[in-house]
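These notes are about the structure you will find just below.
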Amino acid sequence: MNLKIVKYSLGKLLIVLAGLLILPLIVAFIYGESFADKINFVIPIIVSLIFGIILSKRGDNKSHLYTKEAMFITASTWVLFSLIGAIPLFLTKSNYNGYIDAFFEMVSGFTTSGASVAINVELLPHSIIFWRSLSHFVGGMGILVFTLAILPNSNKESSLLMQSEVPGPTFGKITPKLSDTARNLYGMYIVLTIITVILLLFGGMNLFESIIHAFGAAGTGGFSNKGISIGAYNSRYIEMVLAIMMAVFGVNFNIYFYAVTKNVREAVKSEELKWYIAIILIASGLIFANIVTLYKDVFYSFVNSIFTVSSIITTTGYVSADFGTWPLFSKSVIIMLMFIGGCAGSTAGGLKVSRFVILVKGGINQIKESMNPKKITINRMDRKKVDAQTERSVLKYLVIYIMLFIVLFMIVSLDMDDFETAFAAVSTTFNNVGPGLGAFGPITTFAEMTNLSKFVLTIAMLLGRLEIFPMLLLLYPSTYRKLRNK
286 MNLKIVKYSL GKLLIVLAGL LILPLIVAFI YGESFADKIN FVIPIIVSLI
336 FGIILSKRGD NKSHLYTKEA MFITASTWVL FSLIGAIPLF LTKSNYNGYI
386 DAFFEMVSGF TTSGASVAIN VELLPHSIIF WRSLSHFVGG MGILVFTLAI
436 LPNSNKESSL LMQSEVPGPT FGKITPKLSD TARNLYGMYI VLTIITVILL
486 LFGGMNLFES IIHAFGAAGT GGFSNKGISI GAYNSRYIEM VLAIMMAVFG
536 VNFNIYFYAV TKNVREAVKS EELKWYIAII LIASGLIFAN IVTLYKDVFY
586 SFVNSIFTVS SIITTTGYVS ADFGTWPLFS KSVIIMLMFI GGCAGSTAGG
636 LKVSRFVILV KGGINQIKES MNPKKITINR MDRKKVDAQT ERSVLKYLVI
686 YIMLFIVLFM IVSLDMDDFE TAFAAVSTTF NNVGPGLGAF GPITTFAEMT
736 NLSKFVLTIA MLLGRLEIFP MLLLLYPSTY RKLRNK
């Protein structure tokens, strides 16, 4: 591995992190927070700047960047951003029991999981609440995509960085120049976020609340300034706005680009989009039919069914009702949605709808071939043949995904006696959803977990957001055996 390019890239990224940390510091000044609250952000800004300058000076941007370096830089960036970004939370001792808690919370923010260990989120300073939600906004589209969008220089090798971070089985640029691709993605991302802010303002939220909840919806993260999340507002309007916008952010952003610049009709013909909408509608209908008798208000049941489905399939994790009290059938549908996730190329987590469709079609084809050995079947997406390499990569990903899930579940089960709680805890973090079931349900936090479980679930969130391989490279011992500096 070429350490010089790694050092240079990480150094520049840490300087970007210092810039991001200035924003919550400004919020601290706006709300007249204490000197200590401001210093809590000054310290990580200085730390990030010092290490950023040192690494970039010792590095070299003239070296070639290969896949291994790109994956290592990607995983290292997410870990470093979380480690340094956790400092303000750690220094806010009244709400976090030690650095493990703060690191868990920050990883949850950047990976847009939304799982929290805050003891009482409503007592947090505005600056900390803003920083948590800003991490959703940056992590949703991707830390490296954000950096490529704001930095003036990028080359063809930068696509390796973007490819290692953007979720989905395949990657494609939407414009010939990579920096333009990143800027276009973030342009659409920002416009949709502003629309969400405006719609939430009409619902009675103040500007600060509208911004942080829009960040949560945009990044499909789910951090709120309320202990019981969106349910605290008791507003069907806010719930429907967020349900729609969460679903919007769960769509592949390439579709929006083609709809705006080329042909709307062709864009909406996306097979993944059709499956995504169908899954949302069917799941919402099934849950509504299952819970309608639980509430006196039919419209309340209807809105909460749609809201919950949208929140879970997009892996946002906002909560409007305690679905932990719903019948087992509804909870089973919710668990299934956690695994499916949103579309590839969106801000959502999970396996992704495109992988799910390829697996379903491949399974059906296998059944057909088993019944008729002479029959030749072809797996197609968007009327095009899915090449053998893509099919193999999807299957390999699924196998590794299942193996890692089992390992994570086994470790977490050492601390828990309840199967539902342990299974849901791993499911919701590995798929970057947020709220779980059982003891750590939708209206409770993960604060009472042991440090072992918190650390394991922190790794699970990183594995899920980076789609396994970059994090495995970072954790694999052989990565560090043959390091070279030239």
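The numbering of the sequence shown is the numbering used here, which starts it at 286 and goes up by one.
Built from N, CA and C at the ideal position, the CB exists for glycine as well.
### Message
With the cut-off set at 9 Å, would you say G634 and T600 are in Cβ contact?
### Response
In the sequence shown, residue 634 corresponds to position 349, counting from 1. In the sequence shown, residue 600 corresponds to position 315, counting from 1. Contact: yes.
### Message
Between S398 and T714, how many whole angstroms is the CB-CB distance? I'm expecting something under 8 Å.
### Response
Looking up residue 398 in the sequence shown gives position 113. Looking up residue 714 in the sequence shown gives position 429. Confirmed, about 6 Å.
### Message
Beta-carbon within less than 8 Å of E494's beta-carbon, same chain only, minus the 5 sequence neighbours each way: which residues are those?
### Response
Against the sequence shown, residue 494 aligns to sequence position 209. So the list reads L485 and N510, once near-sequence residues are dropped.
#### Entry: Nearest-angstrom beta carbon gap, L408 and M391 [assumed within contact, 8 Å]
As a working mapping, residue 391 is identified with position 106 in the sequence shown. As a working mapping, residue 408 is identified with position 123 in the sequence shown. M391 to L408, Cβ: 18 Å. No contact.
### Message
Am I right that S341 and A303 are in contact with their C-beta atoms under 8 Å? What's the rounded C-beta distance?
### Response
Mapped onto the sequence shown, residue 341 falls at position 56. Mapped onto the sequence shown, residue 303 falls at position 18. About 12 Å; that fails the 8 Å criterion.
### Message
Residues in the same chain with beta-carbon distance under 6 Å from A313, minus the five sequence neighbours each way, listed in chain order, please.
### Response
Residue numbering aside, residue 313 sits at position 28 when the sequence shown is read from its first letter. Hits under 6 Å: D322, K323 and S412.
### Task
Tell me, please, which residues DSSP counts as bridged to K646.
For the purposes of this step, residue 646 is taken as residue 361 along the sequence shown, with counting starting at 1. None, per the DSSP bridge assignment.
### Query
Using 8 Å as the Cβ pair cut-off and three pairs as the minimum, do the segment 718-736 and the segment 597-611 touch?
yes
#### Entry: Three-state secondary structure assigned by DSSP to M490
To locate residue 490, count along the sequence shown from 1; it is residue 205. If DSSP states are grouped into helix, strand and coil, M490 belongs with coil.
### Query
Which one or two residues does DSSP pair with K616 in a beta bridge?
Walking along the sequence shown from the start, residue 616 turns up at place 331. K616 is not bridged to any residue.
### Message
Need the endpoints of the alpha helix (DSSP H) that M531 sits in, please.
### Response
Taking the sequence shown and counting its residues from 1, one reaches residue 531 at position 246. Its alpha helix (DSSP H) spans residues R521 to F534.
### Message
Please report the distance separating the alpha-carbon of L684 from that of Y474.
### Response
Translated into positions along the sequence shown, residue 684 becomes position 399. Translated into positions along the sequence shown, residue 474 becomes position 189. The question names Leu, yet the displayed sequence has Val at residue 684. Distance between the alpha carbons of V684 and Y474 is about 32 Å.
### Task
State the CB to CB distance for the pair K353 and M286, rounded to an integer number of angstroms; the pair is presumed to be in contact (CB under 8 Å).
The residue given as residue 353 occupies position 68 in the sequence shown. The residue given as residue 286 occupies position 1 in the sequence shown. Indeed they touch by this definition, with Cβ atoms about 6 Å apart.
### Task
Go through its chain and collect everything with a Cβ distance to S698's Cβ below 7 Å, but skip five positions before and after it.
Start at 1 with the first residue of the sequence shown, and residue 698 comes out as number 413. Counting only Cβ-Cβ distances below 7 Å, and skipping sequence neighbours, we find A707.
### Query
When the distance is taken between beta carbons, is S393 closer than 9 Å to M746?
Along the sequence shown, read from residue 1 onward, the residue named residue 746 stands at position 461. Along the sequence shown, read from residue 1 onward, the residue named residue 393 stands at position 108. Yes. Within cutoff.
### Message
My output table needs one value for K637: the three-state DSSP class, helix, strand or coil.
### Response
Translated into positions along the sequence shown, residue 637 becomes position 352. Of the three classes helix, strand and coil, the one that applies to K637 here is coil, per DSSP.
### Query
Anyone know if the C-beta pair for I513 and I523 falls short of 9 Å?
Residue mapping note: residue 513 aligns to position 228 of the sequence shown, counting from 1. Residue mapping note: residue 523 aligns to position 238 of the sequence shown, counting from 1. No, these two residues do not count as a Cβ contact at 9 Å.
### Query
Is the beta carbon of S596 sitting closer than 9 Å to the one on M525?
Against the sequence shown, residue 596 aligns to sequence position 311. Against the sequence shown, residue 525 aligns to sequence position 240. Contact flag unset, no.
### Query
Among A568, A371 and Y384, which residue has its Cα nearest to the Cα of I414?
Position 129 of the sequence shown, counted from the start, is the residue given in the question as residue 414. With distances taken between Cα atoms, I414 lies closest to A371.
### Message
Taking the alpha helix (DSSP H) that E557 belongs to, which residues open and close that run?
### Response
Translated into the one-based positions of the sequence shown, residue 557 becomes position 272. Its alpha helix (DSSP H) spans residues E556 to I576.
#### Entry: 9 Å Cβ cutoff met for V642 and E557
Residue numbering aside, residue 642 sits at position 357 when the sequence shown is read from its first letter. Residue numbering aside, residue 557 sits at position 272 when the sequence shown is read from its first letter. Their beta carbons are under 9 Å apart, which means V642 touches E557 by this criterion.
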